[in-house]
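The structure appears right after this line, and notes come after that.
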Amino acid sequence: MITLENLSKSYGKLQVLNNISAQFNAGQVVSIIGPNGSGKTTMIKCLLGMVLPDSGRIMVDGAPVIKQWEYRSKIGYMPQISRFPENMKVEQLFKMMRDIRKSNKVLDEELIGQYNIPAMFQKSLGSLSGGNKQKVSAALACLFNTEILVLDEPTAGLDPLSSEILKTKILKEKNKGKLILISSHIMSEIDEVADDIFCLVDGNFRFYQSIESIKEITQEARLGKAIAKMMAV
Amino acid sequence: MNKIIKYVLYDILRSRTIIGYTAFLFLMSFGLFNLESDPTKAVLSLLNVVLLIVPLISIIFGTIHFYNSTEFIELLVSQPINRRKIFLSEYLGVALSLAMAFVVGVGVPAMLFNPGPTSIYLVTSGVFLSFIFTSLAFLASVLTRDKAKGIGIALMLWFYFSLLYDGIVMFILFYFADYPLDNATLLLLSLNPIDLGRVLVLLNIDVSALMGYTGALYKSFFGNWVGIALAFGLMVIWVMVPLFFAQRKFVKKDL
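Sequence order for the protein chains is A and B. Here our numbering runs 2 ahead of the position in the first sequence, where the first position is 1. The numbers in our numbering rise by one with no breaks, and the one at position 207 of the second sequence is 190.
Here it is, written out as structure tokens:
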């Protein structure tokens, strides 16, 4: 569904992504991991066209997408830090997004209900707490029933109950045959929801394997330890 | 695209700056027309204030608005919308609201107290200046991520076009006074949109006689339809060129 071919990006002298290639398929939950500053967010932003790569190609459903925009209707995106227009009300935001995307698919309002977002409809986005902003952001990402979900550190800042709701949601969407990309640092969570792990270190590709095979290779039952062993190699 | 403009306009109206700006222009025009017994003189005074205020407000408001819309733009960029469309909608939203403020604040009193071509030229020049300086504001905003720097660049641009440029022109005219400068002055004029606006209005008032030989030259050049069309054509170029470069930069920008 998504193919990255020799993707490279540098900010000045800093090489953020170095010749990254990968293939992600429908029905897969891929967790993108790596130390801070390893290029996870940049890779995700390249995929969304928010950052233009210096070289390489990105294909979604077989079509090249760099400098295109229509393909984004297939992607629901939850950014790492949710930034919304400060003086817009939550309800207006949802109305506006619906208006802009005018998707003819059935809207998926499950998270809106579960997070009780209608209770904050009259609040302005600037006055919401970080966690509540994340909830709004998660609900927006899922709203349009897109074939691809890209979640950048989705549970950072969410309370345990809300993260649980989100994880259940991710598994549910996976069973519908969607492709879900998650960047995260929380190994226990990755272990619960993801099938495969894509690891980046300093902008370089490290490994891309299924969780089972990682555990098998390293002979560790806990993913955290297994990853630590993989990284040490 | 209309939808995004709608949300941009909505956001601008919420901030109330534009309403204040409209009220200020309206009170000023109304006051000037009431103070002066001769409406032509009032238009002249109005012109001088307008040529200073409109570019300043347009460029500062445009820059601040662009930086304050960073979140909105980031949100839209991850949606299935063309980046060029996002940029142009932001631009049109800001430029149209500034132009509307000008039409209501200056155009209405001018047409009431002094109906005629002079007022029409005044309003048209003001509207063009709003579009031109918003365009320059957006160029300043995409050049740097730093809001303070962006506003700095915007202020420098305003300072250059409003004050510095005339000084340079005076210097050139004085220094090369022994040479024929007729065509050179026409060229220099077209390099500053504020001067273009000024000449267009002045030529419709009889004070152009006071401008001596240069005035006569302007009159012969801008006094007919070809000259006027050329002047407005130049104004359009002044809108398009900065906007084109700003848009090109914005489309390639990493957000």
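All C-beta atoms, glycine included, are put in the ideal place defined by N, C-alpha and C. Note that the structure is predicted; figures quoted are calculated from it, not measured.
Worksheet entry | Stretch-stretch touch, CB-based, cutoff 8 Å, three pairs: the segment 47 to 56 of chain A with the segment 208 to 227 of chain A | no
Item to complete: For Y50 of chain B, collect the residues of the same chain with a Cβ closer than 7 Å to its Cβ; drop the 5 residues on either side in sequence, then sort them by chain order.
Response: Sequence index remark: in the second sequence, residue 50 of chain B carries index 67 (1-based). Correct list, in chain order: S124, K130, G133.
Worksheet item: In chain order, what residues of the segment 136 to 163 of chain A put their CB closer than 7 Å to some CB of chain B?
Response: none
Worksheet item: Cβ of N20 of chain A less than 8 Å from any chain B Cβ?
Response: Locating residue 20 of chain A in the first sequence gives position 18, where the first residue counts as 1. Cβ-Cβ to chain B under 8 Å: no for N20 of chain A.
Practice prompt. Using 10 angstroms around the beta-carbon of M45 of chain A, count the other beta-carbons present and answer buried if the total reaches 16, otherwise exposed.
Written response: Position 43 of the first sequence, counted from the first residue, corresponds to residue 45 of chain A. Buried, because 16 or more other Cβ atoms sit within 10 Å of the Cβ of M45 of chain A.
Item to complete: Could you please give the first and the last residue of the uninterrupted alpha helix (DSSP H) stretch that includes N21 of chain A?
Response: Taking the first sequence and counting its residues from 1, the one referred to as residue 21 of chain A is at position 19. Taken as a continuous stretch (DSSP letters only), N21 of chain A belongs to no alpha helix (DSSP H), being part of the beta strand (DSSP E) at 16 to 26.
Practice prompt. Please name the residue, chosen from A:A230, A:N147, A:P37, that lies closest to G78 of chain A on a Cα-to-Cα basis.
Written response: For the purposes of this step, residue 78 of chain A is taken as the residue at position 76 of the first sequence. Measuring from the Cα of G78 of chain A, the nearest candidate turns out to be A:N147.
Practice prompt. Pull up the distance between the alpha-carbon of I184 of chain A and that of I103 of chain B, whole angstroms please.
Written response: The sequence position of residue 184 of chain A within the first sequence is 182, counting from 1. The sequence position of residue 103 of chain B within the second sequence is 120, counting from 1. Their backbone Cα atoms lie some 59 Å apart in a straight line.
Fill in: Stretch pair the segment 89 to 100 of chain B + the segment 166 to 185 of chain B: three plus CB contacts closer than 8 Å
No: the two stretches stay apart, fewer than three of their Cβ pairs being nearer than 8 Å.
Discussion item. Does G78 of chain A come out as helix, strand or coil in the three-state DSSP assignment?
Written reply: Taking the first residue of the first sequence as position 1, residue 78 of chain A is located at position 76. Strand.
Discussion item. Whole angstroms are fine: how far does the CA of F96 of chain B sit from the CA of S129 of chain A?
Written reply: Locating residue 129 of chain A in the first sequence gives position 127, counting from the first residue. Locating residue 96 of chain B in the second sequence gives position 113, counting from the first residue. So the two alpha carbons sit approximately 47 Å from each other.
Worksheet item: What is the DSSP secondary structure of V184 of chain B, reduced to helix, strand or coil?
Response: Residue numbering aside, residue 184 of chain B sits at position 201 when the second sequence is read from its first letter. Three-state DSSP puts V184 of chain B in a helix.
Item to complete: Could you tell me whether any non-hydrogen atom of the ligand ADP is closer than 7 Å to the CB of L58 of chain B?
Response: In terms of ligand content, the structure shown is empty, and the ligand ADP therefore cannot be addressed.
Worksheet item: Mind checking if P87 of chain A is an interface residue toward chain B, Cβ cutoff 8 Å exclusive?
Response: Residue mapping note: residue 87 of chain A aligns to position 85 of the first sequence, counting from 1. Judged by the 8 Å Cβ criterion, P87 of chain A is in contact with chain B.
Discussion item. Assuming contact is defined by CB atoms lying nearer than 8 Å, are E247 of chain B and P87 of chain A in contact in what I supplied?
Written reply: Outside the displayed span of chain B (-16 to 238) sits residue 247 of chain B, for which this structure offers no information.
Worksheet entry | Reduced DSSP category for K11 of chain A - H, G, I as helix; E, B as strand; rest coil | As a working mapping, residue 11 of chain A is identified with position 9 in the first sequence. In the structure shown, K11 of chain A sits in a strand (DSSP, three-state: E or B).
Worksheet item: For the alpha helix (DSSP H) that contains F209 of chain A, what are its first and last residues?
Response: In the first sequence, residue 209 of chain A corresponds to position 207, counting from 1. DSSP places F209 of chain A in no alpha helix (DSSP H) but in the uninterrupted beta strand (DSSP E) bounded by 206 to 212.
Item to complete: Flag this pair as touching only if the segment 157 to 166 of chain A and the segment 135 to 145 of chain A have three or more C-beta atom pairs under 8 Å; answer yes or no.
Response: For the pair of segments examined, the segment 157 to 166 of chain A was found to touch the segment 135 to 145 of chain A: the number of CB pairs separated by less than 8 Å reaches three.
Item to complete: Out of B:V106, B:P225, B:L(-8), B:L217, point me to the one whose CA is closest to L34 of chain B's CA.
Response: In the second sequence, residue 34 of chain B corresponds to position 51, counting from 1. Ranking the options by Cα distance to L34 of chain B, first place goes to B:V106.
Discussion item. My output table needs one value for P66 of chain A: the three-state DSSP class, helix, strand or coil.
Written reply: Reading the first sequence from its first residue, position 64 is the one you call residue 66 of chain A. Three-state DSSP puts P66 of chain A in a strand.
Worksheet item: For A65 of chain A versus G179 of chain A, is the C-beta distance shorter than 8 Å?
Response: Taking the first residue of the first sequence as 1, we reach residue 65 of chain A at position 63. Taking the first residue of the first sequence as 1, we reach residue 179 of chain A at position 177. In this structure, G179 of chain A does not lie closer than 8 Å to A65 of chain A by Cβ.
Item to complete: Using 10 angstroms around the beta-carbon of L58 of chain B, count the other beta-carbons present and answer buried if the total reaches 16, otherwise exposed.
Response: To locate residue 58 of chain B, count along the second sequence from 1; it is residue 75. Label assigned to L58 of chain B: buried.
Worksheet item: My guess is that V62 of chain A and M3 of chain A are in contact by the Cβ rule of under 8 Å, so how many angstroms apart are they, rounded?
Response: Taking the first sequence and counting its residues from 1, one reaches residue 62 of chain A at position 60. Taking the first sequence and counting its residues from 1, one reaches residue 3 of chain A at position 1. Indeed they touch by this definition, with Cβ atoms about 7 Å apart.
Item to complete: Answer yes or no: do R74 of chain A and P63 of chain B have a C-beta to C-beta separation smaller than 8 Å?
Response: Locating residue 74 of chain A in the first sequence gives position 72, where the first residue counts as 1. Locating residue 63 of chain B in the second sequence gives position 80, where the first residue counts as 1. In contact: R74 of chain A and P63 of chain B (Cβ atoms closer than 8 Å).
Worksheet entry | Near-chain B residues of the segment 98 to 118 of chain A (beta-carbon distance less than 7 Å), N- to C-terminal order | Of all residues in the segment 98 to 118 of chain A, the ones placed with a Cβ closer than 7 Å to any Cβ belonging to chain B are M98, D101, I102, R103, in chain order.
Worksheet entry | 8 Å contact criterion, which D198 of chain A and Q82 of chain A should meet: CB distance rounded | Here residue 198 of chain A is taken as the residue at index 196 of the first sequence, counted from 1. Here residue 82 of chain A is taken as the residue at index 80 of the first sequence, counted from 1. Actually they do not touch by this definition, with Cβ atoms about 21 Å apart.
Item to complete: Report back the beta-carbon spacing between L29 of chain B and S41 of chain B to the nearest angstrom; my notes put them in contact at under 8 Å.
Response: As a working mapping, residue 29 of chain B is identified with position 46 in the second sequence. As a working mapping, residue 41 of chain B is identified with position 58 in the second sequence. Going by Cβ atoms, the distance from L29 of chain B to S41 of chain B rounds to 17 Å, so no, they are not a contact pair.
Practice prompt. Can you pull the chain A residues whose beta carbon is under 7 Å from the beta carbon of S173 of chain B, in chain order?
Written response: Locating residue 173 of chain B in the second sequence gives position 190, counting from the first residue. Those do not exist, as S173 of chain B stays about 35 Å from chain A at its closest Cβ, beyond 7 Å.
Practice prompt. Whole angstroms is fine: what's the gap from M139 of chain B's alpha carbon to L112 of chain B's?
Written response: Locating residue 139 of chain B in the second sequence gives position 156, counting from the first residue. Locating residue 112 of chain B in the second sequence gives position 129, counting from the first residue. Roughly 17 Å separates the two Cα atoms.
Worksheet entry | Element boundaries [beta strand (DSSP E), containing I199 of chain A] | Position 197 of the first sequence holds residue 199 of chain A. Here the beta strand (DSSP E) through I199 of chain A covers 198 to 203.
Practice prompt. Kindly indicate which three-state DSSP category T127 of chain B falls into: helix, strand or coil?
Written response: Numbered from its first residue, the second sequence carries residue 127 of chain B at position 144. Looking at T127 of chain B - three-state DSSP - the assignment turns out to be coil, as it is neither helix nor strand.
Discussion item. For the alpha helix (DSSP H) containing L95 of chain B, name the first residue and the last one.
Written reply: Here residue 95 of chain B refers to the residue found at position 112 of the second sequence. That run of the alpha helix (DSSP H) goes 91 to 96.
Practice prompt. Within the same chain, show all residues whose beta-carbon is closer than 7 Å to that of M189 of chain A, passing over the 5 residues directly before and after it, in chain order.
Written response: As a first step, residue 189 of chain A is located in the first sequence; it is residue number 187 there, counting from the start. For M189 of chain A, where only same-chain residues beyond five positions count, the Cβ hits under 7 Å are L225, G226, I229.
Discussion item. So, at 6 Å on beta carbons, what are the nonlocal neighbours of K232 of chain B in its own chain, with the 5 sequence-adjacent residues on each side left out?
Written reply: Within the second sequence, numbered from 1, the residue matching residue 232 of chain B stands at position 249. Cβ within range, chain order: V125.
Worksheet entry | 6 Å CB neighbourhood of F114 of chain B in its chain, flanking five on each side removed | On the second sequence, residue 114 of chain B is found 131 positions in, with the first residue counted as 1. A78, V222, listed in sequence order.
Item to complete: To the nearest angstrom, report how far apart L173 of chain A and C144 of chain A are at their CA atoms.
Response: Numbered from its first residue, the first sequence carries residue 173 of chain A at position 171. Numbered from its first residue, the first sequence carries residue 144 of chain A at position 142. Straight-line Cα distance between these residues: approximately 13 Å.
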